[in-house]
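Chains as they are written, first to last, in the working numbering: chain A, 1118 to 1234; chain B, 67 to 179.
Cβ atoms here follow ideal geometry from the backbone N, Cα and C, with glycine treated the same way.
All remarks here apply to the structure that follows.
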């Protein structure tokens, strides 16, 4: 149980295009989902917290107009990198907190590797 | 702010060797501490956790003790197996930080026959 999937697992795109990454909780409902990014040899950095049916809460320094988050259902959150540039190349990881679980409970997806040319 | 520092990898061990991966932290409040493991191609999985000083978390032969005096949460296993090869992340969740997870950089462990 408690499986989180991400799609795609990797994507290559041209500079200036937009890329959408999906995060799904497969066997549970998640009121809250989280988006992280990880640069090589660095730690996972929380980008934003996504709550179903409401606007995402972005961490300081994260551009909300560049990283659009939509959490339209209890099993799906999407991250859209708009007008991607090479510096957006990174490993993006989502996690999901089952509805009703403790605040420290999160299940992680396998990540999406984005390369912007 | 909160931070987690863990030893750089990769760590390469022979099967049945003793494992220690060091982790130290700084936090503004009273954090809970975690170790996550990521196997190739999979998402991070919670390995163990400790919520207060002197607590010991344990799972699958791994253990870590919450040491407030040294602000550490070192991961240990007495006898590693090839199947333990993975990346291990130390993390903290601080009530003063809204229960957000702060991660270390991860330590890759390779266990050879």
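Non-local C-beta neighbours of residue 1193 of chain A in its own chain, meaning closer than 6 Å and more than five positions away in sequence, comprise 1141, ordered along the chain. Interface flag for residue 1143 of chain A against chain B is unset, since no Cβ pair is found closer than 8 Å.
Ranked by Cα distance from residue 96 of chain B, the first of B:134, B:172 and B:147 is B:134. Residue-level contact by beta carbon holds for residue 1226 of chain A and chain B, with a gap shorter than 8 Å.
Its chain contains 1146 and 1148 as the residues whose beta carbon lies nearer than 6 Å to that of residue 1216 of chain A, once the 5 sequence neighbours on both sides are disregarded; these appear in chain order. Remark: C-beta atoms of residue 99 of chain B and residue 167 of chain B do not approach each other more closely than 8 Å. Assigned with DSSP and collapsed to three states, residue 1125 of chain A falls in coil, not helix or strand. The count of Cβ pairs closer than 8 Å, one atom from the region 80-94 of chain B and one from the region 1226-1233 of chain A, stays below three, leaving the stretches out of contact. DSSP places residue 1209 of chain A in the uninterrupted beta strand (DSSP E) bounded by 1207-1215. Scanning its chain for C-beta atoms nearer than 6 Å, with the 5 sequence neighbours on each side dropped, one finds around residue 110 of chain B the residues 102 and 104, in chain order.
For residue 146 of chain B, the three-state secondary structure derived from DSSP is coil. In the three-state reduction of the DSSP assignment, residue 1192 of chain A falls in the coil class, being assigned neither a helical nor a strand state. According to the DSSP assignment, residue 1162 of chain A belongs to the beta strand (DSSP E) that extends over 1162-1168.
Counting C-beta atoms within 10 angstroms of its own C-beta, residue 119 of chain B has fewer than 16 neighbours from the protein chains shown and is therefore classed as exposed. Taking the Cβ atoms as the reference, residue 125 of chain B lies roughly 4 Å from residue 114 of chain B, within the contact range of under 8 Å. Residue pairing by DSSP places residue 73 of chain B opposite no residue, since no beta bridge is assigned to it. A Cβ of chain A is located within less than 8 Å of the beta carbon of residue 109 of chain B. Against residue 167 of chain B, the close residues of chain A are 1151, 1153, 1161, 1163, 1212, 1221 and 1223, in the order they occur along the chain (beta-carbon pairs closer than 9 Å). Put simply, the region 1195-1212 of chain A touches the region 1150-1160 of chain A. At least three CB pairs are less than 8 Å apart. For residue 1121 of chain A, the chain B residues whose Cβ falls inside 8 Å of its Cβ are 109, in order along the chain.
Cβ contact annotation for residue 169 of chain B (same chain, cutoff 7 Å, sequence separation greater than five): 70, 155 and 157, in chain order. At a cut-off of 8 Å between beta carbons, residue 1158 of chain A contacts chain B.
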